[in-house]
Amino acid sequence: MVIKNKNDFEKIVQENPFREDYLHDRVHVILYQGFIQSLPLEKLKADYGEEEICVGDHCLYLYLPRTAKRKKLNTNYLEKLFGVDLTMRKLNVVEKLLTK
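This note's numbering numbers the first residue of the sequence shown as 1 and each following residue consecutively.
As structure tokens, this is what we get:
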């Protein structure tokens with residue numbers, strides 16, 4: 001289980017590296033209960049094709065384009081890669097949570 005507070009969500013939305021050139025509804029965040037930088041992030045150095053991943057201060061940001069037929073960057077893959085529990089949410093869901 002991953003628990004974040006409103007302040008965490010605000011920072012996640014503000015730090016989104018995928019801006020105007022990206023389809024907003026294809027941006028996802030990967031949340032981890034601990035510090036994201038404590039994960040073995042060097043394991044992310046691979047070619048994910050059209051899929052993109054950026055390391056933020058509070059989460060991992062994923063861009064998963066509609067044309068990606070088989071998404072490699074998903075929660076199961078990343079949990080196995082890091083050996084920890086993670087959760088993925090669309091960025092627009094995180095934004096909606098801030099309005100509640």
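Where a beta carbon is used, it is the ideal one built from N, C-alpha and C, also for glycine. In this text the structure is predicted, and so the values were computed from the model without any measurement.
Closest by C-alpha distance to residue i, when choosing among the options
i: E50; options: D21, P65, L31, N74; result: P65
i: E15; options: D47, V94, K43; result: V94
i: Y32; options: N5, K100, D47, E20; result: N5
Residue i beta carbon near the ligand ADP (any heavy atom closer than 7 Å)
i: Y32; result: The ligand ADP is not among the ligands present in this structure, which contains no ligands whatsoever.
Extent of the continuous beta strand (DSSP E) to which residue i belongs
i: Y63; result: 60-63
i: E42; result: Note, E42: premise wrong, no beta strand (DSSP E); not H, not E.
i: T75; result: Per DSSP, T75 belongs to no beta strand (DSSP E); it is in the alpha helix (DSSP H), 75-82.
Nearest-angstrom Cβ-Cβ length linking residue i and residue j, presumed shorter than 8 Å
i: V27; j: Y61; result: 7 Å
i: V2; j: T75; result: Not confirmed; about 11 Å, so no contact.
i: L23; j: Y48; result: L23 to Y48, Cβ: 17 Å. No contact.
Under the three-state DSSP convention, the category residue i falls into
i: E20; result: coil
i: E10; result: helix
i: V2; result: coil
i: V55; result: strand
i: V29; result: strand
Proximity below 8 Å, CB of residue i to CB of residue j
i: F18; j: L97; result: no
i: V29; j: I53; result: no
For residue i, the first and last residue of its enclosing alpha helix (DSSP H)
i: K96; result: 91-98
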